[in-house]
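Residue 586 is where the sequence shown starts when you use the numbering used here, and the numbers rise one by one after that.
Backbone N, C-alpha and C fix where the C-beta goes; we use that ideal spot for every residue, glycine too.
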Amino acid sequence: MGIMEDEIKSRTKKKKEAEELQRLGLELNKLSVPQLERIEIPEDLRAALIEGKSITANNASRRYRQFIGALMRDVNIESIRLALLQSKNEISVKFDPVKEARMWIERLLTGDLVEMETLLCEFPGIERQMLNQLVRNIKKEKPGTKTSKSRRALEQLIITQMSPK
């Protein structure tokens, strides 16, 4: 026959490829709109992904995933995977000041003076006396209270010092 062996795909292989495109479309759908704007994809696919964010009904979202998978058949998948990987790396290196402040608080609560000196050197705008007082108040409170007034005040103090001026 005239058809080459490589061109013949089984139904199972076609289904697996379609499911893979749908999974990739689902990953793209998790990105924010500005991140989608940075990725080089066709406009109709971008518009479908943005519109798909508003669909919450189970059957409708399943059909829409299939639609996005169908749109992705004509797109270079490797470039999209590379762009997804880059956007995930951007997300993972984003600076979270609240998380950083909480880490500093836990380090300060160990009672190590080196940690306090390190914090004061890194953020010279923090007053030593106020820092000592807040740490002392946090230590006096019950261990189970995470959101005490002193803890929130210290967290806010560290966050304001972290933010660029």
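Neighbour flag for residue i against chain D, beta carbons, 9 Å
{"i": "residue 690", "result": "In the structure shown, chain D does not exist; there is a single protein chain."}
Which of helix, strand or coil DSSP assigns to residue i
{"i": "residue 642", "result": "coil"}
{"i": "residue 616", "result": "coil"}
{"i": "residue 595", "result": "coil"}
{"i": "residue 748", "result": "coil"}
{"i": "residue 727", "result": "coil"}
{"i": "residue 602", "result": "helix"}
{"i": "residue 662", "result": "helix"}
{"i": "residue 625", "result": "coil"}
Residue of the options minimising C-alpha distance to residue i
{"i": "residue 698", "options": "720, 629, 688, 596", "result": "720"}
{"i": "residue 601", "options": "638, 654, 705", "result": "654"}
{"i": "residue 667", "options": "651, 652, 624, 646", "result": "624"}
{"i": "residue 639", "options": "595, 656, 728, 617", "result": "617"}
{"i": "residue 751", "options": "707, 701, 727", "result": "This structure leaves residue 751 out entirely; the chain is present only between 586 and 750."}
Supposed close pair residue i, residue j - CB separation, criterion 8 Å
{"i": "residue 608", "j": "residue 621", "result": "With a Cβ gap of about 17 Å, residue 608 and residue 621 do not count as contacting."}
{"i": "residue 689", "j": "residue 743", "result": "5 Å"}
{"i": "residue 650", "j": "residue 611", "result": "6 Å"}
{"i": "residue 694", "j": "residue 723", "result": "6 Å"}
{"i": "residue 740", "j": "residue 733", "result": "In fact, because the Cβ distance is near 10 Å, the residues do not count as touching under 8 Å."}
{"i": "residue 642", "j": "residue 656", "result": "Between residue 656 and residue 642 the Cβ distance is about 20 Å, and since that is not below 8 Å, they are no contact."}
Residue i, enclosing alpha helix (DSSP H) - first and last residue
{"i": "residue 732", "result": "Element bounds for residue 732: n/a, residue is neither H nor E."}
{"i": "residue 635", "result": "628 to 637"}
My parser needs the alpha helix (DSSP H) runs of 4 or more residues fully inside the segment 676 to 721; what are they? 682 to 693, 698 to 707
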